[in-house]
Amino acid sequence: MRKLIVSVEISLDGYIAGPNGEGDWISSGEEIWEHMFNDLADVDTVLLGSNTYTEYAGYWRSVLTDPDADPNERKYAQWAEHTPHILFSKTVQSIDWANSRIARDPHAEVASLKQQSGKHMVAWGAGEFASTLLRMGLVDELRITIAPVLLGGGLPLFQGIDRTKLKAIEVRPLENGAVILRYEMNTGK
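The sequence shown begins at 876 in my numbering and counts up one residue at a time.
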């Protein structure tokens, strides 16, 4: 059965964005890209909340036509261009990225996708969308990259989550000081 993986980068103090929404602290470099592309080998669908989608789609489409784009960004943009994306929104009426579609009900959509053949699904970003997926019991794995930075405030990773036990399945320390953590969801409280 397909898995839903929530993948996000956070600061050491647990924020996905700084106090003013900034993300200039997010880790980068060859090692991060290498791990990400390895993880994406098992993924064929991307799920996004409406807060992430607009910036995400615009940025990655622009990378495809930017002759000065970073080679790793271009490689990801090419992957994204050919990978189905599902935007979850109750208000957005249309989108113009050919590989994208809108879904209204995360529970019904993800449950149906899990029963279909294919590789795993990844939900990028976090915040409200990831918290909703977790509260609905749809997440099978968390992949969290902890950046070696303290922000002192900002947008927290999870909101409104009940106590949930997780099973650690991998820890990858990186040369830049970041750490990638993989957790399997454990339904026991």
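Beta carbons are placed, not taken as given, at the ideal position from N, Cα and C, and that holds for glycine.
*Segments assigned alpha helix (DSSP H), at least 4 residues, entirely inside the segment 994-1018*: Listed in chain order, the complete alpha helix (DSSP H) runs (minimum 4 residues) inside the segment 994-1018 are 1003-1010.
*Beta-bridge partners of Pro1048, as assigned by DSSP*: Per the DSSP secondary-structure output, Pro1048 pairs in a beta bridge with Val1054.
*Is Gly1002 near Asn926, with beta carbons less than 8 Å apart?*
In this structure, Gly1002 places its C-beta atom within 8 Å of the C-beta atom of Asn926.
*Which residues in the same chain have their Cβ closer than 8 Å to the Cβ of Ile1044, if we skip the five residues on either side of it in sequence?*
Same-chain partners within the cutoff: Glu1016, Arg1057, Tyr1058 and Glu1059.
*Run through DSSP, which three-state label would Ser924 get?*
According to the sequence as given, residue 924 is Gly; it is not Ser. Assignment of Gly924 by DSSP, reduced to helix, strand and coil, places it in the strand class.
_For the beta strand (DSSP E) containing Arg976, name the first residue and the last one._
For Arg976, the uninterrupted beta strand (DSSP E) run begins and ends at Ser975 to Ala978, by DSSP.
*Considering only residues of the same chain and omitting the five flanking positions on each side of Ile977, which have a CB-CB separation below 7 Å?*
Counting only Cβ-Cβ distances below 7 Å, and skipping sequence neighbours, we find Leu962, Ser964, Val967 and Ile970.
*asked:* Assuming contact is defined by CB atoms lying nearer than 8 Å, are Leu1026 and Asp888 in contact in what I supplied?
replied: Yes; because the gap between Cβ atoms is below 8 Å, this pair is in contact.
*If we count Cβ pairs, one from each stretch, closer than 8 Å, do we get three or more for the segment 913-933 versus the segment 987-998?*
Yes, since at least three Cβ pairs between the segment 913-933 and the segment 987-998 fall closer than 8 Å, the two stretches touch.
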